[in-house]
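Input: a single structure, listed below in structure tokens.
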Amino acid sequence: MTLSSHGAASSTPDEIPSLYGPGTTVKRVRTRHLVEAKERGEKWAMLTSYDQYTAALFDEAGIPALLVGDSAANNVYGYETTLQVSVEELLPLVAAVARSTKRTLVVADLPFGSYETGPAQALETAVRFMKAGAHAVKLEGGRRMAAQIRALTDAGIPVMGHIGFTPQSEHTIGGYRVQGRDAQAAEVEADAHAVADAGAFAVVLEMVTSSVAAEITKRLPIPTVGIGAGSETDAQVLVWQDMAGLRRGKPPRFVKRYADLATVLQDAAKAYADDVRAGGFPAKEHGFE
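First residue of the sequence shown? That's 1 in full-length UniProt numbering, and the numbers climb one at a time after it.
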């Protein structure tokens, strides 16, 4: 047994073989397991989830962390941007995902307007999400959010940071722009260290140049979670509808589609409708005597 960079007891690889696979001894993934995975050099995947069925499937697939993201705004509720989704709309999604998982760490996004005014507001919002079943919360911002992160961690609430391109600040940033180029690299690195120093257990790096993300990953004691940040981060996260091809249209450059669920579901719906029109469904075996 050794001490991690945060001073907590850390198990050896023999005691915790992996976050993945049938042989793992991790019954419920905790934040310390993700930190220990970084120390072992083990990469891990995170996906978004907003409902019981995907949560259960991803949990059984061995995904160690699920994010109930404010991306529900444009993947569940039909909003144009994440700015429009509210705490009240996200809370039931968090509860559904938490109730439907046995092993994965459930992280809840704090939506725009629910934590920016200061530590007191952030703590009040985070408590609501923890009571709904979340195991940790995520918020956007680096140095400017250090006080909020510290307040939450001091209250016993694990925090995942989010820096680089922060969608809730898209109007300030000037749209979807890659972060960390040229002189901006020092700003992104300063934000990363501020998040870690404030007590966050991990930090998302979104649309950060690969070289800057790699350097941050080397220097930080906590895991980095990349999305459009290259291959050197400790973990990766994708919106599940992007990953599985449910959302159509040209995907962002950093997305890899692993399935074409949009076509599968559309074909199933067409087959069902054709079957009903032709009188093939329901058949005798689908009824009761």
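Glycine residues also receive a C-beta, built at the ideal position from the N, C-alpha and C atoms.
Just so we're clear, the structure is a prediction, and the values are computed from it rather than from any experiment.
Partner residues in the beta bridge of H162, as assigned by DSSP, are G141 and V204.
As computed with DSSP, D109 is found in a beta bridge with K138.
Boundaries of the alpha helix (DSSP H) harbouring L57: Q52 to E60, taken from the DSSP string. Here A146 really is in contact with A194; their C-beta atoms are around 5 angstroms apart, less than 8 angstroms. Distance from the CA atom of A278 to the CA atom of Y272, rounded to whole angstroms, is 10 angstroms. When rounded, the separation of the alpha-carbon atoms in L261 and L246 is 5 angstroms. Residue environment analysis places P158 among the buried positions, since at least 16 neighbouring C-beta atoms fall within 10 angstroms of its C-beta. Per DSSP, T101 is not a residue of any beta strand (DSSP E), being assigned neither H nor E. Between the segment 41-49 and the segment 232-244, the count of Cβ pairs shorter than 8 angstroms is three or higher; the stretches touch. For A45, the enclosing beta strand (DSSP E) begins and ends at W44 to T48. Counting the other Cβ atoms within 10 Å of the Cβ of T117 gives fewer than 16, which makes it exposed.
Annotated three-state conformation of V195 is helix, per DSSP. Distances from the alpha-carbon of H162 to those of G142, D274, R181 and D275 put G142 closest. Nearest neighbour of A56 by Cα position, chosen from A96, H33, K138 and K43, turns out to be A96. With a cut-off of 8 angstroms on Cβ pairs, the segment 99-112 is in contact with the segment 58-75, counting three or more such pairs. Shown here for T209: same chain residues with a beta carbon closer than 7 angstroms to its own, the five before and five after excluded, namely V178, G180 and R181 in chain order. In this structure, DSSP gives I227 an extended state, which the three-state scheme calls strand. Excluding the 5 residues flanking it on each side, A132 has same chain C-beta neighbours closer than 6 angstroms at L91, V94 and A95, in chain order. With 16 or more other Cβ atoms from the protein chains shown falling within 10 Å of its own Cβ, K138 counts as buried.
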